[in-house]
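> Residue numbering for the sequence shown follows the working numbering, beginning at 5 and increasing consecutively. Yeah, the Cβ is synthetic: ideal placement off N, Cα and C, and Gly gets one too. Please find one structure pasted underneath; my questions will follow.
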Amino acid sequence: MPTASAIDIDHISSLYRTHRDDLARVRDQMRAHHQAADPPMTPQLDDIEAEITYLLLREHTPAHTVEIGTYYGWSTTWILSALRDNGTGHLYSFDIIDHAPRHVPPHLAQNRWTFTKGDVRAKIAHIPSDTDYLFIDAAHNGWFARWYLHHLLPALPAHIPVSIHDVFHQRHALPFTEGAIVLKWLATNTTPFFTASSARAPHTHQAIQDLKRELGLDEPVRTGHHNPMIYFRLPVLPGHNPHPHRPPQQRPAPHEQTEPHPSDSP
């Protein structure tokens, strides 16, 4: 397998330049989407972390992206925009609430999105065994982090990009939180991470702001500025054995793509 590019400031800067025009168009679309939302939504991703997610998806061109935690579908819409611009790929989203299907633009969702309502821990068989991008923005506590670190990540292919939100609202992750447990796990597995958090990495955050100004991408899409997400490539884990417990997965028919799975109940 070719060596995957390191996720660092040089790589991210290169992606901003490569996809500048497409990103500018998506930013305008997302700004209009936010302003027109009825009922109003509360986006969870700040601009830079949303843009980096879009850029990594454009570079990696995943066939099967998994999103855990959708809320109002802001991150979902960014992800689907990247898949649309790639011309390939399908998004599988999971959440215990179903606000997202009412907010994600239908033209992005059609034939490109499967939403499953329910606790992802009970829906793990719905996650494709060949997932090649993982985005997590759900319960930000220790028990959930331990679940996906020990039960989900070892069942996924090595080297895929992983994004985890709400790690660095401050310079250091608070003890016993999801962020603290994930950072310890990354250190144990000697796996570097990237963040544009203004609290954790102010120089990186400023460098991206300067680049966006140079590229004419500095008008805010929304007002958040913390950008607490981290990005890393999934390491080769001890005893790695993707999905040894999974039954063969049945993919939904096209007409089922944007609806909760029929077996999912509130």
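Could you say which of H155, F172, H130 and Y76 lies nearest to H230 if we only look at CA atoms?
Start at 1 with the first residue of the sequence shown, and residue 230 comes out as number 226. Among H155, F172, H130 and Y76, the Cα nearest to that of H230 is on F172.
> Who are the Cβ neighbours of A41 in its own chain at under 7 Å, not counting the five residues just before and after it?
Reading the sequence shown from its first residue, position 37 is the one you call residue 41. Closer than 7 Å at Cβ, skipping near neighbours: H107.
> Just verifying my parser: in three-state terms, what is the DSSP assignment at S9?
The residue labelled residue 9 in the question sits at position 5 within the sequence shown. The answer is coil: DSSP assigns S9 none of H, G, I, E or B.
> My guess is that I83 and F139 are in contact by the Cβ rule of under 8 Å, so how many angstroms apart are they, rounded?
Counted from its first residue, the sequence shown places residue 83 at position 79. Counted from its first residue, the sequence shown places residue 139 at position 135. Indeed they touch by this definition, with Cβ atoms about 7 Å apart.
> What residue from V240, T92, L219 and H176 has the CA that sits closest to S18's CA?
As a first step, residue 18 is located in the sequence shown; it is residue number 14 there, counting from the start. Measuring from the Cα of S18, the nearest candidate turns out to be L219.
> To the nearest angstrom, how far is the alpha carbon of P224 from that of R204?
Indexing the sequence shown from 1 puts residue 224 at position 220. Indexing the sequence shown from 1 puts residue 204 at position 200. Computed Cα separation, rounded: 21 Å.
> Excluding the five sequence neighbours on either side, which residues of its own chain have a C-beta within less than 7 Å of the C-beta of P196, listed in chain order?
Here residue 196 refers to the residue found at position 192 of the sequence shown. So the qualifying residues of the chain are F236.
> Using alpha carbons as the reference points, say which of G73, S85, H64 and H68 lies closest to H37.
For the purposes of this step, residue 37 is taken as the residue at position 33 of the sequence shown. The option with the nearest alpha carbon to H37 is S85.
> What are the boundary residues of the alpha helix (DSSP H) that S201 is part of?
Position 197 of the sequence shown, counted from the first residue, corresponds to residue 201. From DSSP, S201 is part of no alpha helix (DSSP H); its letter is neither H nor E.
> By how many angstroms is the C-alpha of W117 removed from the C-alpha of P132?
Here residue 132 refers to the residue found at position 128 when the sequence shown is read from its first residue. Here residue 117 refers to the residue found at position 113 when the sequence shown is read from its first residue. The alpha-carbon atoms of P132 and W117 are separated by roughly 13 Å.
> Within 8 Å, do at least three Cβ pairs link the segment 146 to 166 to the segment 205 to 219?
The segment 205 to 219 vs the segment 146 to 166: no contact.
> Taking the alpha-carbon positions, what's the S9 to R150 distance?
Here residue 9 refers to the residue found at position 5 when the sequence shown is read from its first residue. Here residue 150 refers to the residue found at position 146 when the sequence shown is read from its first residue. If you take the alpha carbons of S9 and R150, they lie about 27 Å apart.
> Would H64 pass as a contact of Y137 if the rule is Cβ separation under 8 Å?
As a working mapping, residue 64 is identified with position 60 in the sequence shown. As a working mapping, residue 137 is identified with position 133 in the sequence shown. Taking 8 Å as the Cβ cut-off, H64 and Y137 qualify as a contacting pair.
> Can you list, in chain order, the residues of its chain whose CB lies under 6 Å from that of D170, leaving out five sequence neighbours each side?
Residue mapping note: residue 170 aligns to position 166 of the sequence shown, counting from 1. The residues are H144 and P232.
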